[in-house]
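Asker: Residue numbers (the working numbering), protein chains in the order written: chain A, 87 to 761; chain B, 87 to 761.
There are 2 protein chains.
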Amino acid sequence: MTETGDALVLFMPSGRRGRFEIGTPLLDAARSLGVYVESVCGGRGLCGRCQITPTPGQFAKHKITARPENLSPPNEVEARYSGRRALPADRRLSCQAKILGDMVVDVPTDSAVNKQVVRKRAENRSIDRDTATRLMYVEVTEPDMANPSGDLDRLSEALEREWMVKGARLDPPLFAKLQKTLRKGEWKVTAAVHDDGDGPLITALWPGLQQRAFGLAVDIGSTTIAAHLVDMMSGRTVASAGTANPQVRFGEDLMSRVSYVLMNPDGLPALTEAVRGAVNGLAEKVARDAGATRDLIVEATFVGNPVMHHIFLGIDPTELGGAPFALAVSGPLALAARDIGVEIMDGGRAYVLPCIAGHVGADAAAATLAEAPHKTDRITLMVDVGTNAEIVLGSRDRLLAASSPTGPAFEGAEISCGQRAAPGAIERVRIDPETLQAKVKVIGCDRWSDEPEFAEEAPAVGVTGICGSGIVETIAEMFLAGIISEDGVVNGALAESSDRVVANGRTFTYVLWRGATMDITVTQNDVRAIQLAKAALYAGVRLLMDKLGVDHVERIRLAGAFGSYIDPKYAMVLGLIPDCELDQVAAVGNAAGTGARMALLNRGHRREVEELVREVEKIETALEPRFQEHFVNAMALPNKTEPFPHLSEAVALPARQQPAGDTGAPRRRGGRQRR
Amino acid sequence: MTETGDALVLFMPSGRRGRFEIGTPLLDAARSLGVYVESVCGGRGLCGRCQITPTPGQFAKHKITARPENLSPPNEVEARYSGRRALPADRRLSCQAKILGDMVVDVPTDSAVNKQVVRKRAENRSIDRDTATRLMYVEVTEPDMANPSGDLDRLSEALEREWMVKGARLDPPLFAKLQKTLRKGEWKVTAAVHDDGDGPLITALWPGLQQRAFGLAVDIGSTTIAAHLVDMMSGRTVASAGTANPQVRFGEDLMSRVSYVLMNPDGLPALTEAVRGAVNGLAEKVARDAGATRDLIVEATFVGNPVMHHIFLGIDPTELGGAPFALAVSGPLALAARDIGVEIMDGGRAYVLPCIAGHVGADAAAATLAEAPHKTDRITLMVDVGTNAEIVLGSRDRLLAASSPTGPAFEGAEISCGQRAAPGAIERVRIDPETLQAKVKVIGCDRWSDEPEFAEEAPAVGVTGICGSGIVETIAEMFLAGIISEDGVVNGALAESSDRVVANGRTFTYVLWRGATMDITVTQNDVRAIQLAKAALYAGVRLLMDKLGVDHVERIRLAGAFGSYIDPKYAMVLGLIPDCELDQVAAVGNAAGTGARMALLNRGHRREVEELVREVEKIETALEPRFQEHFVNAMALPNKTEPFPHLSEAVALPARQQPAGDTGAPRRRGGRQRR
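(1) Taking Cβ-Cβ distances below 9 Å as the criterion, which residues of the stretch 631 to 660 of chain B are in contact with chain A?
(2) Please report the distance separating the alpha-carbon of residue 313(A) from that of residue 335(A).
(3) Classify residue 603(A): buried if its beta carbon has 16 or more other beta carbons within 10 angstroms, exposed otherwise.
(4) Under 8 Å Cβ-Cβ, which residues of chain A neighbour residue 401(B)?
(5) Report the neighbours of residue 411(B) on chain A: residues whose CB is nearer than 9 Å to its CB, in chain order.
(6) Helix or strand or just coil, what does DSSP make of residue 453(A)?
(7) Less than 8 Å between the CB atoms is what I'm expecting for residue 155(B) and residue 486(B), so what's the real figure, rounded?
(8) Determine which residues of the stretch 699 to 732 of chain B have a Cβ less than 9 Å from any Cβ of chain A, and write them out in chain order.
(9) For residue 331(B), is the classification buried or exposed, using 16 other Cβ atoms within 10 angstroms of its Cβ as the cut-off for buried?
(10) At the level of alpha carbons, what is the spacing between residue 223(B) and residue 657(B)?
(11) Around the C-beta of residue 391(A), are 16 or more other C-beta atoms found within 10 angstroms, so that it is buried, or is it exposed?
(12) According to DSSP, is residue 539(B) helix, strand or coil?
(13) For the alpha helix (DSSP H) that residue 558(B) lies in, which residues bound it at each end?
(14) Quick one: grab the DSSP three-state call for residue 314(B).
(15) Return the residues of the stretch 274 to 287 of chain A that lie within a Cβ-Cβ distance of less than 8 Å from chain B, sorted by chain order.
(16) Find the residues of chain A that neighbour residue 483(B), judging by a C-beta separation of less than 8 Å, and give them in chain order.
(17) Is it right to say residue 643(A) is buried, meaning 16 or more other beta carbons lie within 10 angstroms of its own, or is it exposed?
(18) Please state the DSSP three-state secondary structure of residue 422(A).
(19) Would you say residue 426(B) faces chain A, with C-beta separation under 9 Å as the test?
(20) Distance check for residue 369(A) and residue 507(B), CA to CA, integer angstroms please.
(21) Counting only beta-carbon separations shorter than 9 Å, does residue 385(B) have a partner in chain A?
(22) With distances taken Cα to Cα, identify the nearest neighbour of residue 111(B) among 124(B), 97(B), 120(B), 129(B).
(23) What's the C-alpha gap between residue 596(A) and residue 661(A)?
(24) Short check: CB of residue 417(B) to CB of residue 236(A), under 9 Å?
(25) Please report the distance separating the alpha-carbon of residue 463(A) from that of residue 480(A).
(26) Does the beta carbon of residue 133(B) sit closer than 9 Å to a beta carbon anywhere in chain A?
(27) Sorted by chain position, which residues of the same chain lie with C-beta nearer than 8 Å to residue 203(B)'s C-beta, five sequence neighbours on each side aside?
(28) Taking residue 237(B) as the query, report the chain A residues whose CB atoms sit under 9 Å from its CB, ordered along the chain.
(29) Could you check the C-alpha separation between residue 700(B) and residue 400(A) for me, to the nearest Å?
(30) Report, in whole angstroms, the separation of the C-beta atoms of residue 276(A) and residue 238(A), which I expect to be a contact under 8 Å.
(31) Touching or not, the stretch 351 to 368 of chain B and the stretch 409 to 425 of chain B, by the rule of three or more beta carbon pairs under 8 Å?
(32) Identify every run of the beta strand (DSSP E) within the stretch 266 to 319 of chain B, keeping only runs that are complete inside it and at least 3 residues long; order them along the chain.
(33) How would you list, in chain order, the residues of chain B whose beta-carbon sits under 8 Å from the beta-carbon of residue 451(A)?
(34) Since residue 447(B) meets chain A, which of its residues come closer than 7 Å, beta carbon to beta carbon?
(35) Please tell me whether residue 486(B) has its Cβ less than 9 Å away from any Cβ of chain A.
(36) Expressed to the nearest angstrom, what Euclidean distance is found between the alpha-carbon atoms of residue 706(A) and residue 445(A)?
Next comes the structure, spelled out in structure tokens:
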């Protein structure tokens with residue numbers, strides 16, 4: 087190797103490899119291959135961020151013999167660093183370790199410096215980092231009368247000399263701080279440099295070596311706004327918080343907020359201010375929870391459905407309330423956080439993920455980014471249920487997106503005993519097919535209602551209603567217990583044998599829960615509302631399956647709060663989603679939030695979601711004649727469009743009934759033609 | 087020509103030429119050659135901005151025979167335009183006139199549309215236009231459910247389709263307006279698109295065809311802030327206004343304002359606010375004067391000396407008050423006007439010209455841009471006198487810049503009867519060498535004081551003092567009349583023969599004006615103060631001449647208010663400037679303002695001034711040992727360093743006196759060596 091003056095270096099786990107001149111620091115080698123190794127101090131051995139683990143040995147597969155002596159021995163700089171902070175025995179500072187021969191190097195997935203930070207949530211998955219904002223420590227030339235350049239020029243020169251950052255501009259809010267920071271740091275400063283393809287911009291400046299920087303990922307939901315504080319140096323989420331969207335005082339659901347603006351054209355600023363205020367409050371809270379401050383938050387990313395997206399940006403959402411449902415701004419936005427009233431550090435940047443279409447927002451785009459159907463060969467269905475269900479279907483080859491007008495039934499609205507997910511709301515239901523008695527679980531208590539501890543441990547408010555996920559389970563259990571037919575009709579004949587089924591005018595009502603002061607019941611109208619909602623969702627899914635030319639899906643991902651709480655089995659019994667292997671159906675929680683964190687931590691993910699949104703085929707259900715047909719067919723339970731082999735295997739479905747009235751078996755496939 | 091399917095077109099006065107396919111519209115041909123022809127409507131024949139004059143004939147020199155029939159005859163679109171607005175007989179719309187054969191075309195230097203606008207000032211010179219912000223009329227595709235893109239996407243598509251503007255972003259303040267503007271204009275809108283090398287940004291949007299856009303060029307002086315409103319479509323200055331810099335309440339001269347901030351570190355925001363407030367007031371005023379509004383001002387450019395530059399940007403100027411006189415920000419700044427508190431249109435942009443060095447500001451850079459010594463072979467001296475004199479010397483080959491600490495004497499401070507230039511201040515002086523009686527002119531009256539109308543027409547305040555330019559003339563006239571010697575000593579012997587020379591302790595005072603209540607006098611100290619100031623200026627000039635290796639200059643340009651009012655002859659008599667042919671000495675008025683207008687109207691001029699500032703050699707007088715030597719030598723009148731052949735020819739100088747004390751002829755060249 088030394089004859090040719092260069093050596094082969096393999097970086098794991100990325101597998102990137104290259105030949106480098108003898109004497110090249112490993113950090114430089116990694117960078118030239120695009121292997122992301124953090125470094126704040128610019129190779130001075132101060133920050134300790136650039137740790138790697140050399141792995142000498144025989145790597146027959148890679149044809150590399152990496153001898154321990156092929157790396158320069160630890161030098162004084164590393165010894166000094168070890169003296170200040172613990173450097174694990176197997177670690178080296180890649181800025182100091184020089185290539186002397188062939189070598190294999192393991193790059194830890196996160197920096198070892200912040201190991202004490204606890205992983206807070208299971209969904210806190212590891213995201214490769216390539217942040218748009220990076221901290222760069224530089225030593226700036228002092229001013230000299232003989233060479234009268236400006237402080238900024240000399241800072242810029244230092245960034246070029248030490249970090250190969252050319253022509254960095256200074257964000258105007260930093261004008262006033264530049265001089266004092268340089269002098270306070272005695273011409274040694276750390277700059278936050280943002281570059282998202284639009285040229286380097288110095289967005290913050292600290293005296294001396296600054297090693298803390300945070301990012302904020304925000305998911306603006308209609309009901310809840312959630313924010314995650316991410317340590318930009320390690321990629322870890324260090325604090326999360328949520329708050330009710332304060333816009334609810336302008337309207338519980340999306341369309342009522344759109345109506346509010348329509349009726350009060352001057353009311354938009356108040357809505358915008360409300361949501362921005364909530365975001366700023368969350369930024370403050372998560373920063374405090376993490377022992378940080380808002381002025382350490384260098385960037386923020388935002389996702390939300392189209393209406394929230396628009397209101398957050400100060401854009402009138404009323405166009406989204408009617409055809410042609412035209413978005414004003416749909417593409418990705420990269421801007422100064424201050425320009426949209428977001429109070430992070432003065433020079434902080436904001437990135438708003440792109441929307442897919444008028445009803446398929448940046449939240450769906452982010453969820454798609456996170457669940458990556460575009461990276462798998464398996465046909466994947468992603469559903470995020472709200473007032474509109476956002477649906478993405480496809481695989482690596484082709485991706486389709488649409489939204490279905492499910493209405494607010496799944497959110498507990500339009501249901502006689504429906505309520506928001508809150509303590510006291512029924513969320514789990516089991517109905518005994520023999521007695522038709524139900525046991526329930528309510529939010530705020532881990533016990534079933536037939537356990538003795540329930541009375542004691544139930545929330546003080548008692549059992550107050552049924553939340554969205556509870557409704558799905560109740561209707562599904564009613565169907566499995568034979569209380570309602572395939573067609574959704576409450577079987578009045580049962581009223582004779584059970585006190586749980588009671589007449590209610592010309593229809594019948596099921597009594598789910600008998601309370602001290604009030605009963606929780608499911609009326610025929612409630613069943614119909616859920617049937618309509620689930621038929622709309624299913625029809626949308628089915629339409630996309632038609633467009634994609636598939637008759638089954640291989641993976642289902644249920645995103646969002648509703649998706650997190652419903653049991654996939656009941657969703658399938660109800661016919662909310664098509665038949666699928668049950669273990670291939672998973673709730674993925676706040677996938678939109680995950681997508682927001684991905685865009686925060688990696689510029690590549692921004693390009694990926696932008697490409698994704700450009701490429702995905704947008705289907706407008708309202709324009710599709712077959713949507714109506716699918717909708718009618720999907721009213722039945724589980725639904726009459728498809729066979730459901732996987733569901734039948736997993737659940738004992740009631741024996742098929744003969745058709746009553748105009749619904750039933752004969753219409754199972756292509757019903758309309760035969761009618 | 088037609089055999090090959092193309093034709094030769096020559097554009098005048100630029101002389102650019104090229105071959106184009108038959109049928110190419112002249113506008114497209116002009117653009118492909120980089121010939122600037124305005125057009126707002128994008129070739130639809132609506133705006134009439136793209137007028138050119140075809141000039142058929144034989145052009146032997148250019149080997150072109152341009153037959154009238156080599157241009158397509160006027161078409162319907164032009165007929166329609168002519169119907170709405172007058173199209174001069176010799177004019178064609180270049181978007182409609184198609185090339186049918188060889189042609190010579192004259193591009194009018196300004197658009198014919200706004201001919202009614204009156205030229206207001208002589209200095210309103212024509213500036214080639216290539217504005218960073220341009221108006222672009224587009225027809226945007228309407229939203230379509232089947233193709234659910236955002237309004238911005240479709241606007242951006244239209245800009246690309248019709249204007250070849252790729253990937254335009256929308257400035258955040260426009261988010262809220264986008265939808266309504268598109269719909270109000272029925273999908274026909276005019277966008278202001280800014281691109282200064284940093285990518286296209288939509289900064290404003292109007293429904294329909296918008297043909298008015300203005301720019302603001304601002305010169306922030308220590309004493310006065312001047313603003314010019316420029317019609318971006320014609321390049322003409324349509325309104326100008328000035329206001330006293332409100333910072334004077336924090337200190338009359340620059341250094342006292344620096345001291346104010348030094349003593350009151352929290353006082354900076356008040357100074358910044360004061361200057362920004364004044365700028366915004368001027369923007370309002372010039373817009374109103376021109377029958378426009380601030381929200382039609384698309385861009386603003388700013389120049390100022392380093393202290394004003396820093397305070398305007400919110401940067402502490404105290405570093406500029408002491409060695410090493412380090413600027414915080416010296417480079418050019420391109421930013422959102424709102425980020426520096428400038429209230430023009432919401433998305434308006436600001437461009438701040440670069441400073442040259444800690445004492446040589448953006449005003450000097452702009453003046454250099456305007457006077458263009460870097461474009462001539464003749465050695466040019468540019469001087470802008472203030473508390474510091476900013477000096478630029480050189481030619482195409484090499485350019486040097488320095489500042490000299492003249493102190494405030496030239497501004498009327500430190501002079502016993504000195505005052506600011508205001509009505510009542512003496513600005514012109516003639517002294518009769520026989521009688522030693524003086525006649526004067528005062529600001530606010532066109533008469534000499536010996537004219538009978540003077541008493542009647544003089545300002546009500548009477549004769550109140552001597553302004554800066556008046557002082558120069560007074561001292562020079564005193565020298566020419568023999569009242570003071572070459573060494574600046576008031577000749578006490580004259581007191582015997584004239585009541586105009588009176589004893590004042592051990593020195594003598596000259597009585598310039600006998601007033602009813604007070605006399606205006608020039609004391610020996612006054613003479614000394616001016617000698618010190620002029621010696622400092624001259625020493626700086628001489629130092630640069632040394633550095634450049636020249637012993638005379640070929641052109642002198644006196645910039646700034648002071649430069650505008652002094653008579654070049656007296657400046658030379660006083661030895662303020664080196665000897666030069668008198669007709670090569672010119673006051674160029676507000677050259678800094680002209681430079682600001684150039685940067686406003688042409689992106690090329692921005693690159694030019696940026697290059698200029700990088701290339702100019704900065705000389706720090708305080709570091710130069712010869713500066714002190716030159717300074718001492720320059721105390722005499724006219725000065726003793728140089729012969730003055732041109733001045734001697736133009737003015738009858740007093741006979742040379744023998745040296746008294748340590749100044750005089752023997753030291754004229756290289757005095758120090760011989761001392």
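All C-beta atoms, glycine included, are put in the ideal place defined by N, C-alpha and C.
Answerer: Here's the rundown:
(1) none
(2) Counting from one through the first sequence, the residue named residue 313(A) turns up at place 227. Counting from one through the first sequence, the residue named residue 335(A) turns up at place 249. Between residue 313(A) and residue 335(A), the C-alpha separation is close to 21 Å.
(3) For the purposes of this step, residue 603(A) is identified with residue 517 of the first sequence, where counting begins at 1. Result: exposed.
(4) Here residue 401(B) refers to the residue found at position 315 when the second sequence is read from its first residue. By Cβ distance, chain A contributes 261, 262, 264, 265.
(5) What you label residue 411(B) is simply residue 325 of the second sequence in a count that begins at 1. Near residue 411(B) (Cβ distances below 9 Å), the residues of chain A are 229, 231, 234.
(6) Within the first sequence, the letter at position 367 stands for residue 453(A). Residue 453(A) falls in the helix class under three-state DSSP.
(7) Translated into positions along the second sequence, residue 155(B) becomes position 69. Translated into positions along the second sequence, residue 486(B) becomes position 400. About 57 Å; that fails the 8 Å criterion.
(8) 704, 706, 708, 709
(9) In the second sequence, residue 331(B) corresponds to position 245, counting from 1. Residue 331(B) should be labelled buried.
(10) Position 137 of the second sequence holds residue 223(B). Position 571 of the second sequence holds residue 657(B). Residue 223(B) and residue 657(B): Cα-Cα distance of roughly 53 Å.
(11) By 1-based counting over the first sequence, the position of residue 391(A) is 305. Under this definition residue 391(A) is a buried residue.
(12) Taking the second sequence and counting its residues from 1, one reaches residue 539(B) at position 453. Residue 539(B): coil per DSSP, three-state reduction.
(13) For the purposes of this step, residue 558(B) is taken as the residue at position 472 of the second sequence. Residues 554 to 566.
(14) Counting from one through the second sequence, the residue named residue 314(B) turns up at place 228. Reduced to three states, the DSSP call for residue 314(B) is strand.
(15) 284, 285
(16) Along the second sequence, read from residue 1 onward, the residue named residue 483(B) stands at position 397. None at all; the shortest Cβ gap to chain A is about 22 Å.
(17) Counted from its first residue, the first sequence places residue 643(A) at position 557. With 16 or more Cβ atoms within 10 Å of its Cβ, residue 643(A) is classed as buried.
(18) As a working note, residue 422(A) is residue 336 in the first sequence. If DSSP states are grouped into helix, strand and coil, residue 422(A) belongs with the strands.
(19) Against the second sequence, residue 426(B) aligns to sequence position 340. Yes, contact with chain A.
(20) Numbered from its first residue, the second sequence carries residue 507(B) at position 421. Numbered from its first residue, the first sequence carries residue 369(A) at position 283. If you take the alpha carbons of residue 507(B) and residue 369(A), they lie about 55 Å apart.
(21) Taking the second sequence and counting its residues from 1, the one referred to as residue 385(B) is at position 299. Output row for residue 385(B): interface = no.
(22) Counting from one through the second sequence, the residue named residue 111(B) turns up at place 25. Considering only alpha carbons, the answer is 129(B).
(23) If you number the first sequence from 1, residue 596(A) lands on position 510. If you number the first sequence from 1, residue 661(A) lands on position 575. If I take the Cα positions, the gap works out to 20 Å.
(24) Translated into positions along the second sequence, residue 417(B) becomes position 331. Translated into positions along the first sequence, residue 236(A) becomes position 150. Closer than 9 Å, so yes.
(25) Position 377 of the first sequence holds residue 463(A). Position 394 of the first sequence holds residue 480(A). Whole-angstrom Cα-Cα distance: 9 Å.
(26) Locating residue 133(B) in the second sequence gives position 47, counting from the first residue. Chain A contact via Cβ: absent.
(27) For the purposes of this step, residue 203(B) is identified with residue 117 of the second sequence, where counting begins at 1. With a pLDDT of 31 at residue 203(B), under the threshold of 50, the modelled position of that residue is not reliable, and the figure given next carries that caveat. Only 317, 320, 322, 324 meet the Cβ criterion.
(28) The residue you call residue 237(B) lines up with position 151 of the second sequence. Result: 405, 412, 413, 414, 415, 416.
(29) Against the second sequence, residue 700(B) aligns to sequence position 614. Against the first sequence, residue 400(A) aligns to sequence position 314. Going from the Cα of residue 700(B) to the Cα of residue 400(A) covers about 42 Å.
(30) Within the first sequence, residue 276(A) is the residue found at index 190, counting from 1. Within the first sequence, residue 238(A) is the residue found at index 152, counting from 1. In fact, because the Cβ distance is near 16 Å, the residues do not count as touching under 8 Å.
(31) no
(32) 274 to 280, 287 to 293, 300 to 306, 310 to 317
(33) For the purposes of this step, residue 451(A) is taken as the residue at position 365 of the first sequence. In chain order: nothing, as chain B lies at least about 13 Å away.
(34) Here residue 447(B) refers to the residue found at position 361 of the second sequence. The contacting residues do not exist; residue 447(B) stays about 12 Å from chain A at best.
(35) Position 400 of the second sequence, counting from 1, holds the residue named residue 486(B). No, because no Cβ of chain A sits closer than 9 Å to the Cβ of residue 486(B).
(36) Working through the first sequence from its first residue, we reach residue 706(A) at position 620. Working through the first sequence from its first residue, we reach residue 445(A) at position 359. Their backbone Cα atoms lie some 9 Å apart in a straight line.
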